[in-house]
Amino acid sequence: MKHAFLDEYSGLESPVHRLDPRAKLVGLVALIVVCVTTPPNLYTAFAAYLGLEVSLILLSRLPWRHVLKRLFIVLPFILVVAAFIPFFSRGGGSYNLGPVRVSAHGLLVLWNVAVKSTVSVLAVIILSSTTPFPDLLRGMEKLKAPRLFTSLLSFTYRYVFVLVDEAQRMRRARDSRGWSGRWLWQAKVIGHMIATLFLRSYERGERVYAAMLARGYGGEVRTLYLYEFGPLEIGFTVLVTLFPVTARLLS
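Sequential numbering from 25 applies to the sequence shown in this note's numbering.
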């Protein structure tokens, strides 16, 4: 099983990695909020947001291949929908692209969706790639996030690998029995596999919960928290929060 899914490069050594997760949470969430509330015609502000994120990526020493791979996984799903807006939206004039007429307002909406999605996804990539997931959840708890929410995230992240490993074993067993999947009536095998995986997941969850109760579980997962909110964290939070606000006001 692979246990490096979201936080693959969280073990690197860099000034961003060493920061308290609370500082990164507050700063990057503030960046996302400022970005999504910025009017789409403030191009200088968006350039400043992207410049700040590029600086954080360089400072954190994250591989660009990793960042771009994560970015290109998410963005196509957003842009495929937004790409049709210029052809249906009306207003603000239009442009002729050969036999096709596109709306100027639709192009502005497409730009708005594309740049805000890029900034937001990059912020999430920076946060998840520089912070171990358990520490991130612990930081959320210290920021008074609902314990039920953080517990669900913790269990989901921990056991998704178990379910993936179970699904891979079922697929190997299916293929070893000569399943080809070339005919329509063979699709019911996939349905049976999904149902079996659901039942096994439910049974395993019951067994895990019973084992946790037997060990004194009372609704809280106790882990060590080795971070402190010091001057570096305050400086990072102020910079990442005030820089986008200032860029927006000056644009």
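Even glycine gets a Cβ: it sits at the ideal position worked out from N, Cα and C.
Report, in whole angstroms, the separation of the C-beta atoms of residue i and residue j, which I expect to be a contact under 8 angstroms.
i	j	result
S187	S144	Here residue 187 is Leu; the residue named in the question, Ser, does not match the sequence. The Cβ separation is near 28 angstroms, so there is no contact.
L221	M194	7 angstroms
L92	Y73	Contact doesn't hold; Cβ gap of about 18 angstroms is too wide.
L132	P64	6 angstroms
L66	S275	4 angstroms
V262	V58	Actually they are not in contact, since the Cβ atoms of V262 and V58 sit about 14 angstroms apart, beyond 8 angstroms.
How about residue i and residue j: do their beta carbons lie closer than 8 angstroms?
i	j	result
A47	F267	no
D44	G163	yes
V40	L80	yes
S34	T155	yes
E257	S153	no
V60	K166	no
V264	L52	yes
V78	I102	no
T142	R272	no
E36	R85	Sequence inspection shows Leu at residue 36; the Glu mentioned does not correspond to that position. For L36 and R85, yes; Cβs fall inside 8 angstroms.
R198	M217	yes
L95	S38	no
Could you tell me the boundaries of the alpha helix (DSSP H) in which residue i lies?
i	result
K212	K212 to A238
F185	R171 to S200
D159	F157 to K166
G242	Unbroken run through G242: none, as it is neither H nor E.
V57	P45 to V60
Y67	Y67 to S84
R272	P255 to L274
Q: Count the CB pairs spanning the region 132-152 and the region 170-186 that are closer than 8 angstroms, and state whether there are at least three.
A: no
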